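FYI, the numbering used here numbers position 71 of the sequence shown as 83, with every residue one higher than the one before it.
Just so it is clear, CB atoms sit at the ideal spot from N, CA and C, and this is done for glycine as well.
Please read all numbers here as calculations on a predicted model, not as lab measurements.
The structure under discussion appears below in the form of structure tokens.
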Amino acid sequence: MAIQEKAVLEKLAAIPYPGYSRDIVSFGIVRSVTCDGGRVLIQLDLGTGDHSVLRPLREAIKGAVSAMEGVDGVQVGTIGASDGLRMAAPNAPPGTAQATGLENDLLPGVHNVIAVASGKGGVGKSTVAVNLAIALARTGASVGLLDADIYGPSIPIMLGLADSKPAVDGSRQKLLPFERYGIRFMSLGFMVERDSAVIWRGPMVMKALEQLMRDVDWGDLDVLVVDMPPGTGDAQLTLSQKVSLAGAVIVTTPQDVALADAVKGVAMFRKVEVPVLGIVENMSFFCCPECGTRAEIFGHGGGKTEAARLGVPFLGEISLDGAIRDGGDSGRPVSVADPDSANSKTFGDIAAKVLEAIGPGDRRTGGGIFQRLKNGLKG
Ligand SMILES: Nc1ncnc2c1ncn2[C@@H]1O[C@H](COP(=O)(O)OP(=O)(O)OP(=O)(O)O)[C@@H](O)[C@H]1O
Ligand SMILES: [Mg+2]
Numbered sequence: 013m014a015i016q017e018k019a020v021l022e023k024l025a026a027i028p029y030p031g032y033s034r035d036i037v038s039f040g041i042v043r044s045v046t047c048d049g050g051r052v053l054i055q056l057d058l059g060t061g062d063h064s065v066l067r068p069l070r071e072a073i074k075g076a077v078s079a080m081e082g083v084d085g086v087q088v089g090t091i092g093a094s095d096g097l098r099m100a101a102p103n104a105p106p107g108t109a110q111a112t113g114l115e116n117d118l119l120p121g122v123h124n125v126i127a128v129a130s131g132k133g134g135v136g137k138s139t140v141a142v143n144l145a146i147a148l149a150r151t152g153a154s155v156g157l158l159d160a161d162i163y164g165p166s167i168p169i170m171l172g173l174a175d176s177k178p179a180v181d182g183s184r185q186k187l188l189p190f191e192r193y194g195i196r197f198m199s200l201g202f203m204v205e206r207d208s209a210v211i212w213r214g215p216m217v218m219k220a221l222e223q224l225m226r227d228v229d230w231g232d233l234d235v236l237v238v239d240m241p242p243g244t245g246d247a248q249l250t251l252s253q254k255v256s257l258a259g260a261v262i263v264t265t266p267q268d269v270a271l272a273d274a275v276k277g278v279a280m281f282r283k284v285e286v287p288v289l290g291i292v293e294n295m296s297f298f299c300c301p302e303c304g305t306r307a308e309i310f311g312h313g314g315g316k317t318e319a320a321r322l323g324v325p326f327l328g329e330i331s332l333d334g335a336i337r338d339g340g341d342s343g344r345p346v347s348v349a350d351p352d353s354a355n356s357k358t359f360g361d362i363a364a365k366v367l368e369a370i371g372p373g374d375r376r377t378g379g380g381i382f383q384r385l386k387n388g389l390k391g
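What follows is the structure, given as structure tokens:
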């Protein structure tokens, strides 16, 4: 049975306003409740009130509403959200969004931004980004995926959205992200003519990326996964300068040449003080579907060795698998098409490790998404 607005409102009426015995509904801060299937959107209006209550309120609301039967996602938005969030954590450590004031401007409702990057092209960043985002969403986190690869945006194809155009919310002049497989998605590819991007120069890339973050109605997200173009160029720098990244996942293949570039990627993120959440080794080995024999076509294990040498976590190894390529080409990623496959399970493990790594470091609010999910709270 679909969840009803009235039932949600009743639930909200049992939540006290922090520091008061009166509930948030009679306090008049609940502006709207919208139910769409199992997803619930709650808009709060804190007016000129104390915005530092926003974080505990969000947690309390998400906890109460996500426990209701029929609810599989809860978003808590605020009117004047960026102001509220900026004031939400006065004790935030230096280097966080509150200290830089940057992230709030571009991504007001996003709690953690993760870059999926590699030094070398074609190693499977987009594949990892898509499957990681889906696996993260499966844990109950609200997840967005931003395809920042202006030179070869491939995720629209991987999600079966190649010829789509995003809708615009005219009243707010915001682009609406697509919703697919439990994640919200937007691509730079939707903003440029096909094949024209190759002539874009650095400053244009930065501007487009910045615009994409600011002009998309991402809503309230626990994690935004950003699929980066290959290399250590303008897009990487823009992202690390403009938003406070929770961390970077580096993708490599086992060959020496890819590993050398992965090392460069790790070095770049370290230089700009972005934590490296770990290394994923893609196309790690091949299991013959006929006889089950394992072949290590590009060598094997270099990612793990390199991760140990660099002192960063090793997140997992994904095999070279026809189902992964098929999934990418057909618009149904392997995590959706075959969730019980070994690689899909590995993507699930990688998602858990990523959540654990960013857990205590929710840069926007100081709260730990991992802890929250561990406690069984969705959304
Ligand atoms: N483990 C895998 N098994 C089989 N095919 C794979 C695997 N990983 C990636 N591929 C395929 O390899 C190709 C390149 O992968 P992908 O687009 O994810 O790489 P990328 O690093 O994002 O590339 P680019 O640098 O161009 O952005 C795609 O066709 C994809 O389906
Ligand atoms: Mg790519």
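How big is the Cα-Cα spacing for residue i and residue j?
{"i": "S256", "j": "V125", "result": "7 angstroms"}
{"i": "S78", "j": "Q267", "result": "45 angstroms"}
{"i": "A93", "j": "G121", "result": "Below a pLDDT of 50, predicted positions are generally treated as unreliable, and A93, at 36, falls in that range; the measurement from the model is reported next regardless. So the two alpha carbons sit approximately 7 angstroms from each other."}
{"i": "A349", "j": "S183", "result": "37 angstroms"}
{"i": "L221", "j": "A160", "result": "7 angstroms"}
{"i": "R306", "j": "L157", "result": "33 angstroms"}
{"i": "A412", "j": "P325", "result": "The chain is shown only over 13 to 391; residue 412 falls outside these bounds and no answer can be derived."}
{"i": "D181", "j": "V52", "result": "19 angstroms"}
{"i": "L58", "j": "L24", "result": "15 angstroms"}
{"i": "A111", "j": "C47", "result": "At A111, the pLDDT of 34 sits below 50, so the modelled position is not reliable; the number obtained from the coordinates is stated separately. Cα to Cα, the separation comes out at about 35 angstroms."}
{"i": "G50", "j": "D232", "result": "16 angstroms"}
{"i": "M203", "j": "S38", "result": "44 angstroms"}
{"i": "R226", "j": "V155", "result": "17 angstroms"}
{"i": "P351", "j": "G339", "result": "12 angstroms"}
{"i": "W230", "j": "S166", "result": "20 angstroms"}
{"i": "V140", "j": "E318", "result": "19 angstroms"}
{"i": "R67", "j": "I36", "result": "14 angstroms"}
{"i": "G133", "j": "I41", "result": "49 angstroms"}
{"i": "N355", "j": "T151", "result": "17 angstroms"}
{"i": "V269", "j": "F310", "result": "11 angstroms"}
{"i": "I330", "j": "L367", "result": "19 angstroms"}
Taking 6 angstroms as the cut-off, does the CB of residue i come closer than this to any heavy atom belonging to ligand 2?
{"i": "S154", "result": "no"}
{"i": "S166", "result": "yes"}
{"i": "S342", "result": "no"}
{"i": "S138", "result": "yes"}
Cβ-heavy atom distance between residue i and ligand 1 below 6 angstroms?
{"i": "D161", "result": "yes"}
{"i": "V135", "result": "yes"}
{"i": "M295", "result": "yes"}
{"i": "L173", "result": "no"}
{"i": "P242", "result": "yes"}
{"i": "D352", "result": "no"}
{"i": "L332", "result": "yes"}
{"i": "R337", "result": "yes"}
Could you name the residues of the same chain whose beta carbon sits closer than 8 angstroms to that of residue i, not counting the 5 residues immediately before and after it, in chain order?
{"i": "F190", "result": "L171, L173, S176, P178, R196, F197, M198"}
{"i": "V286", "result": "A127, S252, L257, G259, A260"}
{"i": "G343", "result": "I169, M170, L171, G172, L173, A174"}
{"i": "V65", "result": "Y29, P30, G31, L58"}
{"i": "C303", "result": "none"}
Taking the Cβ atom as the reference point for each residue, do residue i and residue j lie within a distance shorter than 7 angstroms?
{"i": "G277", "j": "I262", "result": "yes"}
{"i": "G264", "j": "V135", "result": "The question names Gly, yet the displayed sequence has Thr at residue 264. The answer is yes: Cβ separation under 7 angstroms."}
{"i": "G328", "j": "I362", "result": "yes"}
{"i": "D234", "j": "H312", "result": "no"}
{"i": "D239", "j": "S138", "result": "yes"}
{"i": "L118", "j": "K219", "result": "no"}
{"i": "A369", "j": "L289", "result": "yes"}
{"i": "A149", "j": "G194", "result": "yes"}
{"i": "V86", "j": "R70", "result": "no"}
Among residues of its own chain, excluding the 5 on either side of residue i, which ones have a beta-carbon nearer than 6 angstroms to its beta-carbon?
{"i": "L332", "result": "M295, F298"}
{"i": "G243", "result": "none"}
{"i": "K365", "result": "L327"}
{"i": "E308", "result": "F297"}
{"i": "V4", "result": "There is no way to answer for residue 4, as the model of the chain reaches only from 13 to 391."}
{"i": "G107", "result": "Per-residue confidence for G107 stands at a pLDDT of 35, beneath the threshold of 50, marking its modelled position as unreliable; the derived number appears in the next sentence. Correct list: empty, nothing qualifies."}
{"i": "V284", "result": "S252"}
{"i": "D84", "result": "G50"}
{"i": "T250", "result": "M218, L221"}
Taking residue i and residue j to be in contact with their CB atoms under 8 angstroms, please state how far apart those CB atoms are, rounded to whole angstroms.
{"i": "D273", "j": "G131", "result": "3 angstroms"}
{"i": "A320", "j": "V237", "result": "The pair is not a contact, with the Cβ atoms about 25 angstroms apart (cut-off 8 angstroms)."}
{"i": "Q323", "j": "E293", "result": "Going by the sequence as given, residue 323 is Gly instead of Gln. Contact flag wrong, Cβ pair sits at about 17 angstroms."}
{"i": "K186", "j": "V228", "result": "7 angstroms"}
{"i": "L188", "j": "L224", "result": "Contact flag wrong, Cβ pair sits at about 13 angstroms."}
{"i": "Q248", "j": "A129", "result": "6 angstroms"}
Here's a check: name, in chain order, each residue in its chain whose Cβ is nearer than 7 angstroms to the Cβ of residue i, leaving out the five neighbours to either side.
{"i": "A72", "result": "I27"}
{"i": "F359", "result": "N143, L144, A147, S347"}
{"i": "R43", "result": "Q55, L56, D57, I91"}
{"i": "G82", "result": "M13, A14, I15, G50"}
{"i": "G373", "result": "Note on G373: pLDDT 45, under 50, position unreliable in the model; no value is reported."}
Do we get a CB-CB distance below 7 angstroms when we pair residue i with the residues of chain B?
{"i": "G75", "result": "No chain B appears in this structure, which consists of one protein chain only."}
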